[in-house]
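Okay, structure first, notes after.
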Amino acid sequence: MFDLTGKKALVTGGSRGMGRSIAEAYHEMGAEVVIIATSDKVMDVAKEIASDGKAPVHGVVADLSDRDQLKRAFNESVELLGGRLDILFNNAGINRNHTCSDFTEEDFDLIRKVNYDAVFLLSQLAGNLMIKQNYGRIINMASLLSVIGGRMSLGYAAAKGGVVQMTKAMSNEWAKHNVTVNCIAPGYMNTDMNKEYCADLSRSGHLLARIPVGRWGVADDIKAASVFLASEEAGYVTGVMLPVDGGFLGW
Ligand SMILES: NC(=O)c1ccc[n+]([C@@H]2O[C@H](COP(=O)([O-])OP(=O)(O)OC[C@H]3O[C@@H](n4cnc5c(N)ncnc54)[C@H](O)[C@@H]3O)[C@@H](O)[C@H]2O)c1
């Protein structure tokens with residue numbers, strides 16, 4: 004089960020953190036993968052992952068907050084994959100911290116463009132191709148802040164809440180085409196995005212204390228759920244938000 008040999012996958016924000024782990028997991032399971040990221044470091048990452056010769060991994064540089072670049076990157080990715088796309092993982096995301104009173108319009112707009120607009124635009128492009136193929140798996144990156152409001156993360160929480168609703172709306176219409184749309188809600192993961200926060204227990208210790216598994220997540224904790232939702236065998240699972248949070252939401 005869960006073999007992805009021959010499948011064509013696109014992972015956004017795969018140059019580091021969880022996106023890199025997801026790209027590695029799809030590669031390990033046999034898929035050909037394209038990684039989109041803002042930095043041209045993505046080319047080296049693609050080479051590193053592909054170095055075992057198992058299946059090709061390609062890098063594409065694009066800023067997904069720019070709609071023209073996003074469309075160019077999608078077309079380039081599908082071309083690299085030979086015109087087919089079986090799996091899209093919308094992982095790229097950013098956060099900016101301000102109080103609600105001080106949240107700047109610039110940061111609100113930027114977060115919305117990367118965490119929300121890009122998920123809509125890429126899912127629509129991919130979904131329409133997958134409908135023609137009569138097969139597809141779309142997975143979006145949600146968050147605990149899709150459910151709880153948090154603090155100092157107004158733009159992020161609003162965008163991630165919307166990602167869950169977008170996931171459900173798309174899953175309802177596309178299920179009949181054998182295209183599933185799901186999302187994963189990671190808990191507090193010790194990636195570059197959160198490193199300083201996780202290390203400063205005077206700010207984050209209360210959160211650690213309510214994670215039943217008893218530790219912060221690491222990027223590789225996302226691999227199993229990413230492969231499961233991308234697999235053919237998960238064809239009867241659609242419209243769900245799967246928490247990978249060490250039990251946080253059940254506390
Ligand atoms: N770290 C956590 O605790 C946590 C928790 C829940 C959800 N998430 C979400 O998981 C995803 C990955 O987070 P991470 O912790 O691995 O973050 P990270 O900061 O380590 O990686 C983010 C990736 O997104 C890419 N990216 C950012 N802006 C982009 C843009 N404009 N265009 C293209 N690519 C862009 C970066 O190049 C990078 O590869 C994000 O959507 C994040 O919101 C993270």
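Count along the sequence shown starting at 1, add 3, and that's the number in this note's numbering.
Beta carbons: idealized from backbone N, C-alpha and C, even for Gly.
Computed from a predicted structure; not experimentally measured.
By the neighbour-count criterion, in which 16 or more other beta carbons inside 10 Å mark a residue as buried, S149 falls on the buried side. Secondary structure note for C201: its alpha helix (DSSP H) is the uninterrupted segment K198 to A202. Around the beta carbon of A28, 16 or more other beta carbons sit within 10 angstroms, so the residue counts as buried.
Rounded to the nearest whole angstrom, the C-alpha separation of F77 and E236 is 26 angstroms.
The Cβ-Cβ distance between V64 and A53 does not fall below 8 angstroms. For A222, the shortest C-beta to heavy atom distance toward ligand 1 is below 7 angstroms. Relative to the non-hydrogen atoms of ligand 1, the Cβ of T241 never comes closer than 7 angstroms to any of them. By the 16-neighbour rule on beta-carbons within 10 angstroms, L204 is exposed. Inter-residue distance for E108 and L245 is about 31 angstroms (C-alpha atoms, whole angstroms). Sorting R23, G217, T241 and G208 by C-alpha distance to the C-alpha of T194 places R23 at the top. Here H209 is exposed: its Cβ has fewer than 16 other Cβ atoms, across all protein chains shown, within 10 Å.
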